[in-house]
Amino acid sequence: MLPVQIATLILLLPLASAVMIALSLRQQGALASWVSTATAAVVTILSLTLIFSGARDFPASWEWLRFGTFTVSLGFKFDDLAALMLFVVSFVGFLIHVFSLGYMHDDAARARFFGGLSIFMFSMLGIVLADNLFMIFIFWELVGFSSWLLINHYHEKQSAADASKKAFIVNRVGDFGFLLGIVMCYWSNGTVNLTELADHHVFSTAIPLLLFCGAMGKSAQMPLQVWLPDAMEGPTPVSALIHAATMVAAGIFMLCRIESLMVPQALTVIMWIGTITAVYAALCAIVQRDIKKVLAYSTLSQLGYMVAAFGLGSITNGHGVGAAMFHLTTHAFFKALLFLGSGSVILGCHHEQDIFKMGGLAKKMPLTFVTFTLGVLAIIGMPGLAGFFSKDAILYLAMEENTAVFAVLAFTAVLTSFYMVRMWKLVFLGASRSDSAGHAHESGLSMTVPLVILAALSVAGGYSGVFGKLAGSVAELVPEAHGPAHVTILLVSLAVMFVGAGSAFFFYKSAATDSLEEKSRAAFGALTWLKESFDRLYDYYVAKVQQRFAMLLNFLEQIFLAGLIVRGLGGFVGLVGYGARALFTGSLHTYVYWFLLGTVLLWAFATGFL
Amino acid sequence: MNPSNAQLLQLAIATPLVAALIIALGLPKRFSTKLAAVAFVVPALIGLWLWKEFPAAAGSRYVFQSNVNTGLEIFGISLKLGLNGVSLPMFLLAAIVGLAAGLYALRSGAERLKLYLMLLLVMHGGLLGVFASVNVFFFYFFHELALIPTFIMVGIWGGRDRNYAAMKMTIYLTIGAMLSLIGLIAIYVKSGAGSFDLVSLREALAADPLRVSLQKNIFGLLMFGFGILVSLWPFHTWAPLGYGAAPSSAAMLHAGVLKKFGLYGLIQIALPLLPAGAAWWAWKLALLAGIGNVLVIGFITMAQRDLKQMIGYSSVMHMGYCFLGIACLSTVGAGGVVLLMVAHGLSVALLFLLATSIHHRTHTFDLSEMGGLAQKTPVLAAFFVAATMASIGLPGFANFWGELTVFVSLWHYSPKLTAVAVAGVVISAIYGLRAAARVFFGPPSEHWQKVSAAHPPADMGWGERIPAIILLAALLILGFYPRTVTDGIDHALSRPAGPVTANVSFHH
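As given, the protein sequences belong to chains R and V, one line each in that order.
Residue 518 in the numbering used here sits at position 1 of the first sequence, with consecutive numbering throughout.
Residue 400 in the numbering used here sits at position 181 of the second sequence, with consecutive numbering throughout.
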């Protein structure tokens, strides 16, 4: 097969699977889940074929729409960046499909769930393969739709319905800027094709910043981060796939796609937004009780890391794409692992999500425990694991380029190991603190095998033997410390990890209450306030400002337009109406026959009979 | 052109009208429904056939032409029919929405079903005639033919406030129609072509354009006249009220198709014949539409509690995008408008259909009383979500392409207004998703628990599903493969002799 045919198949197979499930398999959950998973498997095989065939930058473009000089085309840009992202999406996606076979086995709406996964894969692969900004935007919106669909999976719950709505609308706020940026880019440069833009484009600060708005929505950067924690209402595999490993990373991928358009002023803004998001989310994560919420804030924080790395690296030395994509890849492995691990825990504990009601799961769920522990070690940067390399690259970059950012990111790393070890200890160590945790059991093979594979990748993904093979020329862009800097950054990383992990390990007791809340109410209260302040602000805006403004306009509309002005006119017409009523006697037939007679008369007049 | 295709075009328009006449002459009810079904299906089949036969390269040239002498040649009035790249998609829209509305009406169980079907058939025939008319007189005549049954249907089968709604609709739409009629007659008189034939008018005015001041006045008449018919802010208040009261099939046909008469008139008649007038009015039109229709009405839509009124307001809002596209005075803008008209027609018809289906089950249109329907009626929920997503411009549905194209052309005209228009995308997501969530998701509301206990609800039956599938399929086909119609539109609009004349042509 030609590379372009393989790419087309990769894109269209998940769509075919979704269509098939929607049209004919709604009642057959088991069959639907196998169709969707088999499709994901084939897509993974095709992706690996394409990635390792070495085929790059093959021409592929079809015209989708044309009006005058305006055209939208559908095409593929398959370079090393796309290849790396394709691997992450298809492979992690496939593992999560397999995991879902077990996790969603007893769900009544299994067909809808797997149909949703397929439509998500279609949309996400579209972003990865797209060769122009309009096409990215199209699939970008579709990704948002699939995310809405899957967060809303338990739609009979009000919280799920609200969370899905919030996610879609907040994303649309980001897309407002994104679309304006694309249109502006089109008129400024005469093209939105990524390759042509890289070759020549006008200098503009507005375009990259507007495009970044899209990334702020999808990758949940401040101040649009509010939707991601709520999105945990979706089934846990969805949180792993969409809200940790792939969709939220689409913002980072998109930034890397348009790196050539970036200018220093825009990159400075991007860098600081990422940095602030990283530390803010890490602070919030410390006071979460829900295992998935801890991971959600952790995801936010890590996305902040990637955005900061992109901004930081691209300003001066062109390492932005390398550092961001490296961390994106390793994060996809260990965060998918952690989320799926939490799914295994949640299922084992009979849908208990409160970490203070768990405890002692290490013995009851040994495989989950071992793999989850590897995930935790990877994210807190234990030397030798994937997260260590990618986080080190970012910290090194910050140390060289910007001391303030470095300080914040290092502090964030301390917090990361603090809250991760807190969660790990409360879930797996000590004694069981509830019946559901007491009766926990290890999950089945379809769930543990993906955990093992992801754990292996979380260990090995950082070595150049693995990452370099997958990323090709992108791997060459990863910043590497040499000589004394290497030693410094290694020491910093180790110190950061041990301070955070150690203090969490000794601070938190295996108890049903939060140790922080007991020992320091002030700190706990401040962190809780920090977490809730954004939601309060937005809720206030929506309920008190936006809705009231809408009501006010509606009131004015009813009074002035529908009432005064028209009744005035209506008064006049009322008079005419009295005259007309003489003709229309109220009988329907009379009414209709008058109308027919009129038509006939008019026609007769027109044809000259009268 | 192939004479048989021209005759098919005539047949498509004649079928519903003749069927209405036969029913009026006293056909028994059981034959009437069968005849009506045939008369709804025939134009759709012919429409699809003509669409397949239509050469995209024909551009603004009319094909499938026929000319029937009406005896009024002396006034330049003849029943001249034909389709070009712009009118073909509109004709197809009328045929498809008419089919869906008709099939839905057959299963609606309305009282006085015969009369209902008869009026609907007249309306359908009129609509098909509007978009197939090359002669401006008949363009207008067919519009009136379709409009009058609308009033009657609102007055007889309407819901709450039907008398006030019917009266208000009649006043507004009659005034709008009269203003535009004056404008059309003025063109006829001043052009010196001695004909209502659009082709002759174009030729005459291309060779010898009207004085600029005259163009301004006539364009103003047409803009406000057509504008009222399309619910240009602040002349829109008839629309939500009327649609809120109208029976479903009438709302589907009016909001979906008949309302587009005004926009179609602006694109096919006003823009090409009065370029200088258009240039003078464009900015004012853009402001009214951008601030009024999109922003103000967008917020007002958010405040609605009645599902049908909300759909009515959302339709007013989306008309704002159409006016904005027209105000750009460019091929891209006008092309986007044609696409958006078709897309909006399909999606709003689907929404009205589904709103009625919801009402059958919940016995209310009040959003605050609904909740949790999806558990009992998942198929209805899926259709409603799809229709909502289409109407808020999700890619994959036709509406997206129309909106995107309008935004792109608008940026060239005014970046600030583009920002306003794109903000509308956020606003429509808010009210669209809010309505879907209120009706279908979350726990069942008290009202719904009571109603569903008294009348156990069934999910959508085939009588409801088939018309919904027809509309949804059309939205998806255009969403995935817009070129099925856009190639023709593009040729029609970018030909030098097309609506965009040399002095206001589009520069990249």
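Just so you know, even glycine gets a beta-carbon here, dropped at the ideal spot from N, CA and C.
Keep in mind it's a predicted model, so treat the numbers as computed, not measured.
Any chain R beta carbon closer than 7 Å to residue i
i: Gln-594 of chain V; result: yes
i: Ser-713 of chain V; result: yes
i: Pro-614 of chain V; result: yes
i: Phe-443 of chain V; result: no
i: Ala-656 of chain V; result: yes
i: Pro-494 of chain V; result: no
Below-7 Å beta-carbon distance, residue i vs any chain V residue
i: Ser-534 of chain R; result: no
i: Leu-659 of chain R; result: yes
i: Ile-538 of chain R; result: no
i: Ala-678 of chain R; result: yes
i: Ala-1071 of chain R; result: Per the sequence presented here, residue 1071 of chain R reads as Asn, with Ala not at that position. It does: the Cβ of Asn-1071 of chain R has a partner Cβ on chain V nearer than 7 Å.
i: Val-719 of chain R; result: no
i: Ala-672 of chain R; result: Sequence check: residue 672 of chain R is His here, not Ala. True, the Cβ-Cβ gap to chain V drops below 7 Å.
i: Gly-1103 of chain R; result: Model confidence at Gly-1103 of chain R stands at a pLDDT of 46, short of 50, so the residue's coordinates are unreliable; what they give is reported in the following sentence. No, because no Cβ of chain V sits closer than 7 Å to the Cβ of Gly-1103 of chain R.
i: Trp-744 of chain R; result: no
i: Glu-1074 of chain R; result: yes
Endpoints, the alpha helix (DSSP H) within which residue i is located
i: Thr-703 of chain V; result: 702-713
i: Val-627 of chain V; result: 617-632
i: Arg-774 of chain R; result: 767-774
i: Ser-953 of chain R; result: 952-955
i: Trp-657 of chain R; result: 650-668
i: Trp-452 of chain V; result: Unbroken run through Trp-452 of chain V: none, as it is neither H nor E.
i: Ser-831 of chain R; result: 808-833
i: Thr-708 of chain R; result: Unbroken run through Thr-708 of chain R: none, as it is neither H nor E.
i: Ser-610 of chain V; result: 597-610
i: His-537 of chain V; result: 526-546
i: Gln-463 of chain R; result: An answer regarding residue 463 of chain R cannot be provided, because it is not within the stretch 518 to 1127 covered by chain R.
i: Leu-618 of chain R; result: 610-620
i: Asp-1056 of chain R; result: 1038-1057
Enclosing beta strand (DSSP E) for residue i [first to last residue]
i: Thr-588 of chain R; result: 587-592
i: Phe-711 of chain R; result: For the record, residue 711 of chain R in the displayed sequence is Leu; it is not Phe. Looking at the DSSP string, Leu-711 of chain R is not in any beta strand (DSSP E); the run it does join, the alpha helix (DSSP H), is 711-716.
i: Leu-298 of chain V; result: 296-302
Which residues DSSP lists as bridging residue i, in chain order
i: Val-763 of chain V; result: No information on residue 763 of chain V is available, as it lies outside the stretch 220 to 727 that chain V covers here.
i: Phe-584 of chain R; result: R:Phe-587
i: Trp-579 of chain R; result: R:Leu-591
i: Ser-352 of chain V; result: V:Leu-300
Near the ligand GDP: residue i beta-carbon under 6 Å from a heavy atom
i: Ala-568 of chain V; result: Judged by which ligands are present, the structure shown has none, so any question about the ligand GDP falls away.
Check each residue of the region 576-608 of chain R: if its Cβ is closer than 8 Å to any Cβ of chain V, include it; give the result in chain order. Glu-580, Trp-581, Leu-582, Arg-583, Phe-584, Gly-585, Thr-586, Phe-587 and Val-589
Is it a yes or a no for the region 401-421 of chain V touching the region 455-465 of chain V, going by three-plus beta-carbon pairs under 8 Å? no
May I ask you to verify whether the region 672-692 of chain V touches the region 284-299 of chain V, counting CB pairs closer than 8 Å and requiring at least 3? no
Inter-stretch contact (C-beta, 8 Å, three-pair minimum) for the region 754-765 of chain R and the region 774-788 of chain R: no
Would you be able to state if there are at least three C-beta pairs under 8 Å between the region 460-477 of chain V and the region 428-443 of chain V? Too few Cβ pairs lie closer than 8 Å, so no.
Taking one C-beta from the region 356-368 of chain V and one from the region 499-519 of chain V each time, how about it: are there three or more such pairs within less than 8 Å? Here the region 356-368 of chain V makes no contact with the region 499-519 of chain V; the two share fewer than three CB pairs at distances below 8 Å.
Count Cβ pairs between the region 521-541 of chain V and the region 585-593 of chain V that sit closer than 8 Å; are there 3 or more? yes
The region 334-343 of chain V in contact with the region 248-261 of chain V per 3-pair CB rule at 8 Å: yes
Relative to chain R, which residues along the region 569-589 of chain V have a C-beta separation below 7 Å, given in chain order? none
Listed in chain order, which residues of the region 682-693 of chain R have Cβ atoms closer than 7 Å to some Cβ of chain V? Lys-682, Phe-685, Ile-686, Arg-689, Val-690 and Phe-693
Positions along the region 1058-1069 of chain R whose CB lies within less than 8 Å of some CB in chain V: Flagged, chain order: Gln-1063, Gln-1064, Phe-1066, Ala-1067 and Met-1068.
Selection of the region 929-954 of chain R by Cβ proximity to chain V, strictly under 9 Å: none
In the region 532-560 of chain V, which residues sit with their C-beta less than 8 Å from some C-beta in chain R, listed in chain order? Residues of the region 532-560 of chain V with a Cβ closer than 8 Å to any Cβ of chain R, in chain order: Ser-549, Thr-550, Val-551, Gly-554 and Gly-555.
Would you check if the region 678-686 of chain R and the region 536-548 of chain R touch, i.e. whether three or more CB-CB distances between them fall below 8 Å? no
What are the residues of the region 639-656 of chain R that lie near chain V, defined by any Cβ-Cβ distance shorter than 7 Å? Ile-655
Could you tell me whether the region 815-822 of chain R touches the region 865-875 of chain R, using the rule of 3 or more Cβ pairs below 8 Å? no
How about the region 613-628 of chain R and the region 966-983 of chain R: do they share at least three Cβ pairs that are nearer than 8 Å? yes
Does the structure place the region 530-544 of chain V close enough to the region 312-329 of chain V that three or more beta carbon pairs sit under 8 Å? no
Where the region 598-609 of chain V meets chain R: residues whose CB sits under 7 Å from a CB there: Met-608
Would you check if the region 662-676 of chain V and the region 566-584 of chain V touch, i.e. whether three or more CB-CB distances between them fall below 8 Å? yes
Residues from the region 631-654 of chain V in contact with chain R, defined by Cβ distance under 8 Å: His-631, Pro-634, Thr-637, Ala-638, Val-641, Ala-642, Val-644, Val-645, Ala-648, Ile-649, Leu-652 and Arg-653
Taking 8 Å as the cut-off, does the region 493-502 of chain V touch the region 362-382 of chain V (at least 3 CB pairs, one atom from each stretch)? No, they do not touch.
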